[in-house]
Every structure is written in structure tokens, then in C-alpha cells.
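Enquirer:
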Amino acid sequence: MAPEEKKRLPGKPVRPENAPVRHVASKPAKPIEETKTETRPENKPEKTEKESGKDKPKQKISKFTKALIIWLILLTVVIAGGLVWFNGFLGKYEEIYQSSLPYHLADKTIDMFAKQDLDGIWGLVKNKPAPTEFETEETIKKYLKGLISNKEFTYQQTEEYAENAPEYYIISEKTILAKLKLAEDETNKLPYGFKSWKVDDLEFYSAANNKFKITLPEDCKLTVNGVPVPVAYRTEQGLEPEENKYLKPYAQLPNMCVYEAAGLFAEPYIKVTNSEGKEVKAEKDKTTGEYKVNVRSECSDKDKKEIEKFGINFTKDFANFISQDAGNYALDKYFPKNSKALRDIKRNSSREWYTRHGKVDIKNEQVKDFICYTKDIVYIEVYVEQHMEMFWGSKEREVVKTTAHLYLARINGSWKVAGIRY
Numbered sequence: 026m027a028p029e030e031k032k033r034l035p036g037k038p039v040r041p042e043n044a045p046v047r048h049v050a051s052k053p054a055k056p057i058e059e060t061k062t063e064t065r066p067e068n069k070p071e072k073t074e075k076e077s078g079k080d081k082p083k084q085k086i087s088k089f090t091k092a093l094i095i096w097l098i099l100l101t102v103v104i105a106g107g108l109v110w111f112n113g114f115l116g117k118y119e120e121i122y123q124s125s126l127p128y129h130l131a132d133k134t135i136d137m138f139a140k141q142d143l144d145g146i147w148g149l150v151k152n153k154p155a156p157t158e159f160e161t162e163e164t165i166k167k168y169l170k171g172l173i174s175n176k177e178f179t180y181q182q183t184e185e186y187a188e189n190a191p192e193y194y195i196i197s198e199k200t201i202l203a204k205l206k207l208a209e210d211e212t213n214k215l216p217y218g219f220k221s222w223k224v225d226d227l228e229f230y231s232a233a234n235n236k237f238k239i240t241l242p243e244d245c246k247l248t249v250n251g252v253p254v255p256v257a258y259r260t261e262q263g264l265e266p267e268e269n270k271y272l273k274p275y276a277q278l279p280n281m282c283v284y285e286a287a288g289l290f291a292e293p294y295i296k297v298t299n300s301e302g303k304e305v306k307a308e309k310d311k312t313t314g315e316y317k318v319n320v321r322s323e324c325s326d327k328d329k330k331e332i333e334k335f336g337i338n339f340t341k342d343f344a345n346f347i348s349q350d351a352g353n354y355a356l357d358k359y360f361p362k363n364s365k366a367l368r369d370i371k372r373n374s375s376r377e378w379y380t381r382h383g384k385v386d387i388k389n390e391q392v393k394d395f396i397c398y399t400k401d402i403v404y405i406e407v408y409v410e411q412h413m414e415m416f417w418g419s420k421e422r423e424v425v426k427t428t429a430h431l432y433l434a435r436i437n438g439s440w441k442v443a444g445i446r447y
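Residues in the sequence shown are numbered consecutively from 26, following the numbering used here.
Right, dumping it as C-alpha cells:
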């Protein structure tokens, strides 16, 4: 049986068996580009950058980079430490500089004045004023307290202010009270060449301006602030009182003397005792500021009544003597023997020329002044009125006023007129 023929497929050439094979050069086939759509499984997490790079090889850091990083770190630490140190240095420098400024001592001194720290203030006074024998250091402190009490204070540089010698005025109510002088404190050396200061002196401008001048009887005792005044302070003596010209030769007040002292810080307390040991008042003249002590004593009530009666009777008789209503010897009983005052009255009174009149009545008798110098010497001022009936003119009675200024002395136990001041 003849071999079966292979069926030929349509459209495909068949190469005969045993046919020689020819090699034909041909272009490679161009692959067909397919558009693929990437699908991601649902709920499958994406790979992170870290996970995706797990398989990447690590890069090695060079030695230079390491050294540079270390150097930068060290430099940062050094700079930060330097800034901290420099900031501390500036703070300390500023603190020491501020403490070296001299006005801080002026502030402290003003604070002492405001607090009236007398002990502290007194300790700053280098040249302390020496008190007189009538005052003490406590007196001066009290005086200073009076200057600074209830006041406000400030300070300012003086005209002589210098960098190496600071000075300040201490001022209250626009008045300079003191000068504060500073000096370098070499025992306290400050860093950075700054100077330390100390108070060199506090000089008060309020000087001891109080003084006393007193005139008093030589037989009196004088004390100032409780201290007996020595004779060395007596500047005058043997000064005769004006009253003696009316008392002599029947009586005499002691002579006067003068004591003076200056340089007192406080108003002096003056005490005077008389020869009887009794205190007498020192009167101060408001114009001159001087003191005067007149001889003074005290009379008993009995003596005073007797003296007043004596003075009134004398003045009544004197008025009637002048008007010829009393006899020629009406006044003799009031004077001591051989009294010059009585002779002057009789010699100088123009009694014969007195206007003729009728009845006379004495009224309105008054004692206007009474001074007891001693128990035996007094002054009395008496006022009386004469009511006269005139022979012509007005029908109303004429009133004649008489005032007698009498210096009386007790002589042999009886009061007599030693003199009359007209």
C-alpha cells in the first residue's frame, strides 16, 4: 500500500522531504508591547521605605566626616561654656563697679538722718565739737536731734567734689545742714582696680550759737545747766543799782556784776539764788537776749499789810501837805532824821500858791506796785484822789490825782521813806 500522504494544511507551505535546508537571515521579531495593569492585592500593606531599603547596601561614614562632627560638637560646647562664663563675669564686674560708686555712702548717711540714728551720725563726726563745762556730749546730741527731727533729707555734690575726694552736702528744706567727706578705703581692695570708699568726716554747719550774758547781784549764786559758774566768767563787777540813789544813806542794795559765756549748743538753763538761799527769777530781754536778775525777796503778809498802810497814809498826807490841807510837820513822821528827801519837799513845794478851796476828801486809794528787794527794803507805788470843793468856778468837786513812788527802808524796826522817785 502506498504511503499515506500527509494532509496539507491550507495556507502553510510544506517542505518536501529530503529537501535541502536553507538558512535565511531574518530580523528578530519585535516583541509586542503589552499594557499591563498593576494590580495590588486588597488589604496588603505597602512596603515602607525602610522595608524597601532592607536589601540596599549601607554607606560607610568616612573618618574625616567623623572628625568634623566631633570637632563641631566640641566647638559648640566651648562656645556655650565661654558665653556662660562671660555672662557671669559681666554680672560680677557690674556688681563690683556699682558697689565702688561713692554715692552709696551718701545714701546710707541720709538713711541715718531719716532714722535719727544719733549714735551712728555722731560716729561719723571726725572733729567732734568740745562742749563747754556747762554742757556734755549728750547735750550736743540733743541739739543735733532738734536739727533733724521731722525733716526730709537729700544730698548733692559740693563745689569741691573730685573723683579722688568725693564730697556731698546734706540738705533739708533748702538748708545745708552738713558736709559729708569721703576718702579711699585702702584696707579694702576691690578687683579690677575699682576703689573702695569710707566716710572721712561729717561736718555740721550749725555751730554752737547759744550764749548767755547775765547781770545779777554780787551776793547771788549763779548756775548754768546745774553747773556753778566760776568767777573766770565774770566780765564786770561793782555795778551800783539805780535804786541806791534813792536809798542812800539809810539803806543800800548790793552791787551788780555780769557773767558771760558763749559756744553753747542749747539754750542755757539759768538758776539764781539770793543771799537768803531763795531762787530768784532771771528776766530775759527779748531784744538783746540778755538776762537780768534784780534783787528780790519775799515779804511776810504782816509786813506787806503794814507797808501798804504806811504808803497810803503817807501819800494822803503828802497830797494834803501840798494843798495846805495838812500842817507844816505832817510829813516828818514818815522820814528818818535829817532826811534830804524831806528837806527837798519843804523847800520846793509852792504851797502858798495853791488854789484856795474848801473841804477835801481822799478817795480811790490804790497800791499799784509793790517790790520787795529784801526783808528791810521795799518799793511801793500808791495812787490817791483828792476831791476838792472849789470857791469859784464849777460847782462840781475838782479831783486832784497824786501818785507816790516810794523807796522804804526799815530803820530801827520802823518803816521810813528813804527816797522818792518823781
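Glycine included, every Cβ here is placed at the ideal spot set by N, Cα and C.
(1) Let me know the secondary structure DSSP gives residue 350 once reduced to three states.
(2) In the DSSP assignment, find the unbroken alpha helix (DSSP H) run with residue 131 in it and report its ends.
(3) Closest to residue 201 by CA distance: which of 230, 208, 304 is it?
(4) Identify whether residue 103 lies in helix, strand or coil by the three-state DSSP scheme.
(5) Does DSSP put residue 86 in a helix, a strand or coil?
(6) Ordered along the chain, which non-local residues of its own chain (more than five positions away) have a Cβ less than 6 angstroms from that of residue 299?
(7) Taking the beta strand (DSSP E) that residue 440 falls in, what are its first and last residues?
(8) Have a look at 329, 170, 267 and flag the residue whose alpha-carbon is nearest the alpha-carbon of residue 141.
(9) Tell me the rounded alpha-carbon separation between residue 151 and residue 225.
(10) Comparing C-alpha positions only, which one of 285, 268, 363 sits nearest to residue 279?
(11) Once DSSP output is grouped into helix, strand and coil, what is the label at residue 192?
(12) Pull up the DSSP beta-bridge partners for residue 397, would you.
(13) My parser needs the beta strand (DSSP E) runs of 3 or more residues fully inside the region 317-372; what are they?
(14) Between residue 267 and chain D, is the shortest Cβ-Cβ distance under 9 angstroms, so that the two count as touching?
(15) Apart from the five residues just before and just after residue 30, which ones in its own chain have a Cβ nearer than 8 angstroms to its Cβ?
(16) Enumerate in chain order the residues of its own chain whose CB-to-CB distance from residue 379 is below 6 angstroms, with the five nearest sequence positions on each side excluded.
(17) Would you please state the rounded distance, in angstroms, between the beta carbons of residue 281 and residue 255? I believe it to be under 8 angstroms.
(18) Quick one: grab the DSSP three-state call for residue 422.
(19) With DSSP run on the structure shown, which of helix, strand or coil describes residue 254?
(20) In the DSSP assignment, what residue or residues form a beta bridge with residue 298?
(21) Quick one: Cα of residue 388 to Cα of residue 301, how far?
(22) Please report the straight-line C-alpha distance between residue 166 and residue 178, rounded to a whole angstrom.
(23) With a Cβ-Cβ cutoff of 9 angstroms, do residue 303 and residue 397 count as a contact?
(24) CA-CA distance, residue 434 and residue 376?
(25) Thinking just about the alpha-carbon of each residue, which of 157, 186, 414 is nearest to the one in residue 290?
(26) Considering Cα atoms alone, identify which of 182, 99, 446, 153 is closest to residue 367.
(27) For residue 417, name the three-state secondary structure that DSSP assigns.
(28) Using a 10 Å radius around the Cβ and a threshold of 16 neighbouring Cβ atoms, would you call residue 310 buried or exposed?
(29) Taking just the CA atoms, how far does residue 145 sit from residue 122?
Expert: On the basis of the supplied data:
(1) Position 325 of the sequence shown holds residue 350. Three-state result, residue 350: coil.
(2) One-based indexing of the sequence shown puts residue 131 at position 106. It spans 128-140 - the alpha helix (DSSP H) in which residue 131 sits, taken as one unbroken run.
(3) Counting from one through the sequence shown, the residue named residue 201 turns up at place 176. That would be 230, whose Cα lies nearest to the Cα of residue 201.
(4) For this step, residue 103 is matched to residue 78 along the sequence shown. Here residue 103 sits in helix by DSSP.
(5) Locating residue 86 in the sequence shown gives position 61, counting from the first residue. In the structure shown, residue 86 adopts coil according to DSSP, grouped into three states.
(6) Position 274 of the sequence shown, counted from the first residue, corresponds to residue 299. Hits under 6 angstroms: 245, 305.
(7) Locating residue 440 in the sequence shown gives position 415, counting from the first residue. Residue 440 -> beta strand (DSSP E) spans 439-445.
(8) The residue labelled residue 141 in the question sits at position 116 within the sequence shown. For the residues 329, 170, 267, the minimum Cα distance to residue 141 belongs to 170.
(9) Here residue 151 corresponds to residue number 126 of the sequence shown, with the count starting at 1. Here residue 225 corresponds to residue number 200 of the sequence shown, with the count starting at 1. Roughly 7 angstroms separates the two Cα atoms.
(10) On the sequence shown, residue 279 is found 254 positions in, with the first residue counted as 1. Nearest option by C-alpha distance: 268.
(11) Taking the sequence shown and counting its residues from 1, the one referred to as residue 192 is at position 167. Looking at residue 192 - three-state DSSP - the assignment turns out to be strand.
(12) Numbered from 1 along the sequence shown, position 372 holds the residue referred to as residue 397. Answer is 403.
(13) none
(14) Although the question refers to chain D, the structure presented lacks it and comprises just one protein chain.
(15) In the sequence shown, residue 30 corresponds to position 5, counting from 1. Summary for residue 30: the model assigns pLDDT 46, below 50, so the residue's position carries little reliability; its value from the coordinates is reported in the next sentence. No residues qualify anywhere along the chain.
(16) As a first step, residue 379 must be located in the sequence shown, where it is residue number 354. For residue 379, where only same-chain residues beyond five positions count, the Cβ hits under 6 angstroms are 348, 349.
(17) Counted from its first residue, the sequence shown places residue 281 at position 256. Counted from its first residue, the sequence shown places residue 255 at position 230. Not a contact, Cβ separation roughly 18 angstroms.
(18) For the purposes of this step, residue 422 is identified with residue 397 of the sequence shown, where counting begins at 1. Coil at residue 422, not helix or strand.
(19) For the purposes of this step, residue 254 is taken as the residue at position 229 of the sequence shown. Reduced to three states, the DSSP call for residue 254 is coil.
(20) In the sequence shown, residue 298 corresponds to position 273, counting from 1. Paired residue(s): 246, 304.
(21) The residue you call residue 388 lines up with position 363 of the sequence shown. The residue you call residue 301 lines up with position 276 of the sequence shown. When rounded, the distance between both Cα atoms is 39 angstroms.
(22) On the sequence shown, residue 166 is found 141 positions in, with the first residue counted as 1. On the sequence shown, residue 178 is found 153 positions in, with the first residue counted as 1. Computed Cα separation, rounded: 18 angstroms.
(23) As a working mapping, residue 303 is identified with position 278 in the sequence shown. As a working mapping, residue 397 is identified with position 372 in the sequence shown. For residue 303 and residue 397, no; Cβs fall outside 9 angstroms.
(24) Within the sequence shown, the letter at position 409 stands for residue 434. Within the sequence shown, the letter at position 351 stands for residue 376. Distance from the CA of residue 434 to the CA of residue 376, rounded to the nearest whole angstrom, comes to 28 angstroms.
(25) Here residue 290 corresponds to residue number 265 of the sequence shown, with the count starting at 1. If we check each option's Cα against that of residue 290, 157 comes out closest.
(26) Reading the sequence shown from its first residue, position 342 is the one you call residue 367. Of the candidates 182, 99, 446, 153, the one whose C-alpha sits nearest the C-alpha of residue 367 is 446.
(27) Against the sequence shown, residue 417 aligns to sequence position 392. If DSSP states are grouped into helix, strand and coil, residue 417 belongs with coil.
(28) Here residue 310 corresponds to residue number 285 of the sequence shown, with the count starting at 1. Exposed, since its Cβ has fewer than 16 Cβ neighbours within 10 Å.
(29) The residue labelled residue 122 in the question sits at position 97 within the sequence shown. The residue labelled residue 145 in the question sits at position 120 within the sequence shown. Answer to the nearest angstrom: the Cα atoms are 26 angstroms apart.
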